[in-house]
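This report refers to the structure that appears directly beneath it.
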Amino acid sequence: MFDEVAKLLAVPGAVGVMPTDTIYGLVARASDRQAVARLYGLKNRINKLGTLIGADVDQIAEVGLKKRYLQAVRQYWPGPVSVIVPCGPDLEYLHLGKFGLATRIPDYPELLELLRQTGPLITSSANLPDQPPSTNIQEAKAYFGNTVDFYIDAGDLSKNLPSTIIRIVDDAIEVIRQGAVKIQENER
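For the sequence shown, my numbering gives the first residue as 40, with consecutive numbering after it.
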C-alpha cells in the first residue's frame with residue numbers, strides 16, 4: 040500500500056490522508072514547502088503545528104533539527120510520543136514562528152519504510168479545528184472531500200489514540216497533550 044503513497048507524495052504540493060501508527064493524519068513531505076503550506080491551510084493552522092515524523096533520528100536531523108536535541112529524547116521512540124524540540128528560523132515554514140516542532144518516530148514498520156522512501160513527513164490529525172479526529176476514511180472525506188490528493192483506507196482506527204505530546208524544559212517533562220502513552224509531568 041505505501042509504495043504507491045511514496046509516488047503520490049512525490050508530486051509537488053501533494054497532501055493526503057493516511058493512517059499513521061496512531062490515527063488518520065493529513066500528510067505532506069516536510070521538504071516540500073508548498074505541500075506544508077497547503078496542509079496547514081487545510082487545517083486552518085495558525086497556533087497549532089503539525090508533527091514531523093521520520094524513519095530515525097538521523098533522517099529527522101537532516102531536515103535541520105539539531106541532532107543533540109533528538110538524541111536526548113530518543114528513548115521515547117519508536118512510538119506514539121511526540122517531543123517538541125527547538126528549531127531555528129530556517130525552518131519557519133514548518134514551525135510558523137514558534138521555534139519548536141513536535142517530532143516522532145512512528146512504531147509502524149510499513150510507515151517507516153514509506154519514510155525511508157519519502158523522507159520526513161509533516162502530519163496533523165485528519166480533522167478540522169475543534170472537531171474530533173477521523174476514525175475512518177468516510178469521516179476524513181467528510182472533512183476534506185476533494186481538497187486532498189489521496190486517501191489511504193486502513194479501516195476503523197477508533198480504538199487508537201493520538202500521540203502524547205511533551206516538551207522537555209530544564210530536565211522536566213511538560214505534557215502538552217495526553218494521548219496513547221500516559222506520561223506524568225516532571226517524569227524523566
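Ideal placement from N, C-alpha and C gives every residue a C-beta, glycine not left out.
Determine the closest residue to Y132 out of I99, K46 and L78, with distance taken between C-alpha atoms. Your numbering for residue 132 matches position 93 in the sequence shown. Selected option, being the one with the closest Cα: L78.
Does the segment 166-185 come close enough to the segment 93-106 that 3 or more CB-CB pairs lie under 8 Å? With the cut-off at 8 Å, the segment 93-106 and the segment 166-185 do not touch.
Whole runs of the beta strand (DSSP E) within the segment 81-148, excluding any shorter than 3 residues: 90-92, 120-125 and 139-143
Have a look at G64, G52 and A53 and flag the residue whose alpha-carbon is nearest the alpha-carbon of D192. In the sequence shown, the residue the question calls residue 192 occupies position 153. Among G64, G52 and A53, the Cα nearest to that of D192 belongs to G64.
Report the CB separation of P159 from Q73 in whole angstroms; it is logged as a contact under 8 Å. In the sequence shown, the residue the question calls residue 159 occupies position 120. In the sequence shown, the residue the question calls residue 73 occupies position 34. Incorrect: roughly 16 Å between the Cβ atoms, too far for contact.
P125 to S164, Cα distance in whole Å? The residue given as residue 125 occupies position 86 in the sequence shown. The residue given as residue 164 occupies position 125 in the sequence shown. Answer to the nearest angstrom: the Cα atoms are 22 Å apart.
Does the Cβ of P148 have 16 or more other Cβ atoms within 10 Å, making it buried, or fewer, making it exposed? Locating residue 148 in the sequence shown gives position 109, where the first residue counts as 1. Counting Cβ neighbours within 10 Å, P148 comes out exposed, since fewer than 16 surround it.
Please look up how many angstroms separate the CB atoms of P58 and D71, rounded, as I've assumed it's under 8 Å. If you number the sequence shown from 1, residue 58 lands on position 19. If you number the sequence shown from 1, residue 71 lands on position 32. That belief does not hold up - the Cβ atoms of P58 and D71 are roughly 21 Å apart, past 8 Å.
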